[in-house]
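Take a look at the structure below.
Numbering (the numbering used here), first residue to last: 1228 to 1517.
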């Protein structure tokens, strides 16, 4: 009855809204049968009413997907990083190189199992990075990009940040850095320069624009209707945020209902309704990494 009220009053998009605790909602959100079975085993059976924290279900899903979901890089809040000496080092601003990273970490591959093919993506003079990965004046302990600091573009080169460009309102529009030659991951010189951190990125040239739906708990109260409370008043106004992100090419080839781990962000699924392979991808956040 209460779930029907959410649907009929258009508080959610339907019975299969990924925030709904229905089977079709959980399936569209990205929950697997194995994770729900593991959840049922862990909570056991009782004749009395009880409250189970949602994090228990999320933990079961992480456990199931950890060794299944292929990895990929996505930038959810993008700002452009310009490698200002790219042409000087490689002869042309239009030059690009292939980078590779494993689809699954070695620890996720069982003994005797054939590992999946590596992901391949390009690096060029312009890449997208997370806006939070640059600070013009870094707080104490900050290890990512700020003027004079050295970091690694994961799977790519070590770079040294040189500054940024801003608009008339003082907002950062570009981050500037220099690529350090001979430091590409997987090459003999990869360790020749010590980087304090590695950051995720997506090439401007080959990255794909995607709609990413950041789902959170439907209710801001763990017990929204306990003690005679009006559960509608406990609806979380921030339970859905939609962003335009950039994802690496391997993620653009996703099939509906295919699960991935977006490195550093958590687990995501290609939406089984709105995602169409070959057109603009649509991903739902299933759960974070912890």
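Idealized CB from N, CA, C, for every residue including glycine.
Check                                                                                                     : Outcome
Cβ contact check for the segment 1302–1320 and the segment 1427–1445: 3 or more pairs under 8 angstroms   : yes
Segments of 4+ residues assigned as alpha helix (DSSP H) that fall wholly inside the segment 1252–1305    : 1260–1270 and 1281–1292
Cβ pair count under 8 angstroms reaching 3, the segment 1480–1496 against the segment 1293–1301           : yes
8 angstroms Cβ cutoff met for residue 1403 and residue 1323                                               : no
Distance CB(residue 1385)-CB(residue 1407) smaller than 8 angstroms                                       : yes
Three-state class that DSSP yields for residue 1518 in the structure shown                                : Since the first residue of the chain shown is 1228 and the last is 1517, residue 1518 is not available in this structure.
Cβ contact (3+ pairs, closer than 8 angstroms) linking the segment 1389–1404 and the segment 1359–1375    : yes
Proximity winner among 1271, 1495 and 1499, relative to residue 1441 (alpha-carbon distances)             : 1495
Rounded straight-line distance, which links the Cα of residue 1292 to that of residue 1330                : 13 angstroms
Residue 1479 to residue 1471 span [Cα, whole Å]                                                           : 14 angstroms
Simplified DSSP state of residue 1470, which is helix, strand or coil                                     : strand
CB contact flag (residue 1498, residue 1513, <8 angstroms)                                                : no
Any 3 or more C-beta pairs closer than 8 angstroms across the segment 1441–1450 and the segment 1458–1469 : yes
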